[in-house]
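Visitor: Counting from 108, one number per residue, gives the positions in the sequence shown under this note's numbering. Just dropping this structure here.
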Amino acid sequence: MTTFDLIVIGGGPGGYNAAALAAESGLKTALFEKNKVGGVCLNEGCIPTKALLHSANLLDEIREAKKYGITLEGAPAADYAKVAARKSKIVRKLVLGVVQKLKKAGVEIIEAQASIAAKNSDGTFLVKAGGEEYSARDILLCTGSETAVPPIPGLAESGYWTSREALEAKELPESVVVIGGGVIGMEFVSVWTSFGVPVTVVEMLPKILGRMDSELSLELMKEYEKRGVKFYLGTKVVAASPAGITVETPEGEQKEIKAARILLSAGRRVVSRDLGLAALGVEMNRGAIVTDEYQQTSVPHLYAAGDVTARSMLAHSAIRMGEVAVHRILGREDDPMRYDAIPGVIYTHPEFASVGATEDDLKAAGTPYRLRKIQMAFSGRFVVENEGGNGLFKLLTDTDDRVIGAQMLGNPASELIFYIGQAITQRLTIEDLRKQVYPHPTVGEIIHEAVNEPAL
Ligand SMILES: Cc1cc2nc3c(=O)[nH]c(=O)nc-3n(C[C@H](O)[C@H](O)[C@H](O)COP(=O)(O)OP(=O)(O)OC[C@H]3O[C@@H](n4cnc5c(N)ncnc54)[C@H](O)[C@@H]3O)c2cc1C
108 MTTFDLIVIG GGPGGYNAAA LAAESGLKTA LFEKNKVGGV CLNEGCIPTK
158 ALLHSANLLD EIREAKKYGI TLEGAPAADY AKVAARKSKI VRKLVLGVVQ
208 KLKKAGVEII EAQASIAAKN SDGTFLVKAG GEEYSARDIL LCTGSETAVP
258 PIPGLAESGY WTSREALEAK ELPESVVVIG GGVIGMEFVS VWTSFGVPVT
308 VVEMLPKILG RMDSELSLEL MKEYEKRGVK FYLGTKVVAA SPAGITVETP
358 EGEQKEIKAA RILLSAGRRV VSRDLGLAAL GVEMNRGAIV TDEYQQTSVP
408 HLYAAGDVTA RSMLAHSAIR MGEVAVHRIL GREDDPMRYD AIPGVIYTHP
458 EFASVGATED DLKAAGTPYR LRKIQMAFSG RFVVENEGGN GLFKLLTDTD
508 DRVIGAQMLG NPASELIFYI GQAITQRLTI EDLRKQVYPH PTVGEIIHEA
558 VNEPAL
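As structure tokens, then:
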């Protein structure tokens with residue numbers, strides 16, 4: 108039996124970063140991965156979607172070039188097979204980079220499905236994988252999540268796609284109905300709309316994008332409506348077939364929506380079965396592994412990070428949680444996880460980013476707050492780069508004017524939101540943001556402009 112200090116199960120961003128950090132810090136570390144190193148994020152999530160979105164956005168920009176005084180002969184044409192091939196090449200390159208990083212750090216990569224078989228008499232864990240036995244003093248579970256499949260009659264026979272099949276496709280679908288207007292669904296809507304695919308979105312909730320700010324979610328939805336996307340909100344899917352879906356509208360009416368493809372993007376569910384957790388008595392919450400702020404589970408020396416905890420299903424959250432767990436295992440520093448300043452981005456066109464509290468959350472909780480709200484067009488750079496474009500920035504503070512949240516609709520929201528995250532983490536006030544010098548001209552100056560607005 109091979110013995111390690113730390114066994115990491117799951118080679119997604121949570122697992123591979125934690126394994127590299129642990130090995131670099133001197134722990135004899137093994138990483139078990141049953142499918143592909145890089146996990147969902149690298150192979151079938153964050154990276155491939157952004158590669159497709161980049162090509163889609165470029166196509167939009169070329170189409171809009173005349174707004175900026177550039178005339179092009181004829182309409183631009185897209186070769187989707189090449190777009191898809193470029194995406195796959197990027198994924199291969201980045202996965203290779205991760206494998207090299209792990210090897211350089213001294214991590215032993217074991218390509219097998221692992222489960223915890225028992226606790227050994229010396230207190231270590233016995234792990235079984237690929238017919239072999241391993242042991243370790245500490246275990247970090249980073250087994251991630253997968254597409255949730257709701258029990259819709261006919262769905263299994265409908266030939267539906269999840270994000271995985273949608274990303275694997277080398278050709279564009281003729282038309283798509285998207286079940287679930289969340290982050291993943293909306294990013295595919297963005298890709299397909301740019302490439303001219305007719306798209307319909309069916310969302311069970313009364314708004315798209317789940318818990319993202321409702322005002323900006325509505326603005327984004329209107330953008331896509333202008334581009335021809337049809338949205339059905341508060342609408343339940345009652346049946347599916349190869350020809351499309353049947354929905355029940357809020358008025359109780361049944362309606363057929365025809366489409367060549369169904370994209371199922373109605374949420375993700377954690378992967379925690381077959382890990383041997385029940386026998387260990389690990390505390391779970393609807394399948395998710397419960398941890399404290401150090402990523403420690405209810406069983407000593409057993410940690411969990413990333414999607415499998417269902418606390419924040421984002422790659423950067425997984426990375427940070429994994430780092431927190433390794434720091435705890437090393438016992439070197441007091442480094443708890445904070446959930447109040449995790450940015451979330453939807454890489455639509457325009458981008459929509461959020462961090463910390465939203466107005467909706469604060470109103471629902473009855474928490475008093477101050478709001479500064481400003482059009483993105485107050486940034487000169489935004490006007491220069493977004494001809495005719497709208498956008499909105501909302502900055503939320505508590506009644507002492509400490510920053511507690513922000514939402515931005517407009518490019519490049521993804522690149523700016525972490526600054527507000529830092530302000531929340533460091534408990535900065537409006538006065539602190541005012542005193543900061545912002546480079547000019549940048550879209551980031553919108554933060555300074557917002558600070559100078561009277562609070563609502
Ligand atoms: C289409 C899509 C787009 C996304 N875009 C973004 C984005 O832009 N930004 C963002 O932050 N997040 C995005 N996400 C979410 C992001 O991918 C996840 O939050 C992230 O991958 C979670 O990392 P993780 O390490 O927890 O798990 P995962 O990446 O899910 O990795 C878990 C790994 O564990 C392995 N595994 C599971 N069980 C076992 C076992 N028993 N033994 C061995 N191996 C096992 C799996 O094979 C998998 O490789 C996206 C997700 C999807 C689906």
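The beta-carbon is built from N, C-alpha and C at its ideal position, and this holds for glycine as well.
#1: State the CB to CB distance for the pair leucine 523 and glycine 551, rounded to an integer number of angstroms; the pair is presumed to be in contact (CB under 8 Å).
#2: DSSP on glycine 351, reduced to helix/strand/coil?
#3: Could you check where the alpha helix (DSSP H) with glutamate 552 kicks off and where it finishes?
#4: Apply the 10 Å Cβ neighbour rule to aspartate 381 and answer buried if 16 or more other Cβ atoms are within range, or exposed otherwise.
#5: For leucine 478, tell me which candidate among Pro519, Asn559, Arg445 has the shortest Cα-Cα distance.
#6: Between lysine 365 and alanine 346, how many whole angstroms is the CB-CB distance? I'm expecting something under 8 Å.
#7: Are the CB atoms of glutamate 310 and leucine 340 nearer to each other than 8 Å?
#8: Where alanine 432 and aspartate 539 are concerned, what is the direct C-alpha to C-alpha distance, given to the nearest angstrom?
#9: What does DSSP give as the partner residue(s) for leucine 247 in the beta ladder?
#10: When you compare the region 302–321 with the region 216–232, are there three or more beta-carbon pairs, one atom per stretch, that lie closer than 8 Å?
#11: In angstroms, rounded to a whole number, what distance separates the CA positions of isoleucine 154 and isoleucine 197?
#12: For histidine 456 and valine 306, what's the separation of their Cα atoms in angstroms?
#13: Is any heavy atom of ligand 1 found at a distance shorter than 7 Å from the C-beta of glycine 119?
#14: Please confirm whether serine 252 and valine 377 have their CB atoms less than 8 Å apart.
#15: Any heavy atom of ligand 1 closer than 7 Å to the Cβ of glutamate 440?
#16: When the Cα atoms are used, what is the spatial distance from serine 424 to tyrosine 187?
#17: Using the Cα positions of alanine 412 and alanine 172, report the straight-line distance between them to the nearest angstrom.
#18: State the start and end residues of the unbroken beta strand (DSSP E) segment that holds arginine 375.
#19: By DSSP's criteria, leucine 233 is part of a beta bridge. Which residues make up the other side?
#20: Can you give the Cα-Cα distance for threonine 549 and proline 258, rounded to whole angstroms?
#21: Using a Cβ-Cβ cutoff of less than 8 Å, which residues in the same chain neighbour alanine 56 once the five nearest sequence positions on both sides are dropped?
#22: Could you check what DSSP says for tyrosine 339 in three-state terms: helix, strand or coil?
#23: Does DSSP put methionine 108 in a helix, a strand or coil?
#24: So, for glycine 145: in the same chain, excluding its five sequence neighbours on each side, which residues have a beta-carbon less than 6 Å away from its beta-carbon?
#25: With a threshold of 7 Å (Cβ to nearest heavy atom), would methionine 515 be considered close to ligand 1?
#26: Measure from the alpha carbon of valine 344 to the alpha carbon of each residue in Cys148, Ile352, Phe338, then state which is nearest.
#27: Give every residue of the same chain whose Cβ lies closer than 8 Å to the Cβ of arginine 271, excluding the five residues on either side of it in the sequence, and list them in chain order.
#28: From leucine 138 to valine 214, what does the alpha carbon distance come to, in whole angstroms?
#29: Using three-state DSSP, classify leucine 502 as helix, strand or coil.
#30: Should glutamate 140 be listed as close to ligand 1, given that the test is whether its C-beta is under 7 Å from any heavy atom?
#31: Taking 7 Å as the limit between beta carbons, can you name the residues of its chain near lysine 194, skipping five residues before and five after?
#32: Near alanine 243, what residues of its chain come up, given a Cβ to Cβ distance below 8 Å and the 5 sequence neighbours on each side ignored?
#33: Tell me the rounded alpha-carbon separation between glutamine 514 and lysine 226.
#34: Per DSSP, what kind of secondary structure is lysine 333 in: helix, strand or coil?
#35: Decide yes or no for the touch test of the region 487–497 against the region 462–479: beta carbon pairs closer than 8 Å, at least 3 of them.
#36: CA-CA distance, glutamate 358 and proline 313?
Guide: With the given structure in hand:
#1: 5 Å
#2: strand
#3: 552–558
#4: exposed
#5: Asn559
#6: Not really, about 13 Å apart at Cβ, beyond 8 Å.
#7: yes
#8: 32 Å
#9: Val115, Tyr410
#10: no
#11: 8 Å
#12: 15 Å
#13: yes
#14: yes
#15: no
#16: 32 Å
#17: 44 Å
#18: 375–377
#19: Ala225, Ser242
#20: 48 Å
#21: With the chain covering only 108 through 563, there is no way to say anything about residue 56.
#22: strand
#23: coil
#24: Val202, Val205
#25: no
#26: Ile352
#27: Glu151, Thr254
#28: 7 Å
#29: strand
#30: yes
#31: Pro155, Ala158, Leu159
#32: Thr110, Phe111, Asp112, Leu113, Ile114, Ala137, Thr231, Phe232, Val234
#33: 46 Å
#34: helix
#35: no
#36: 13 Å
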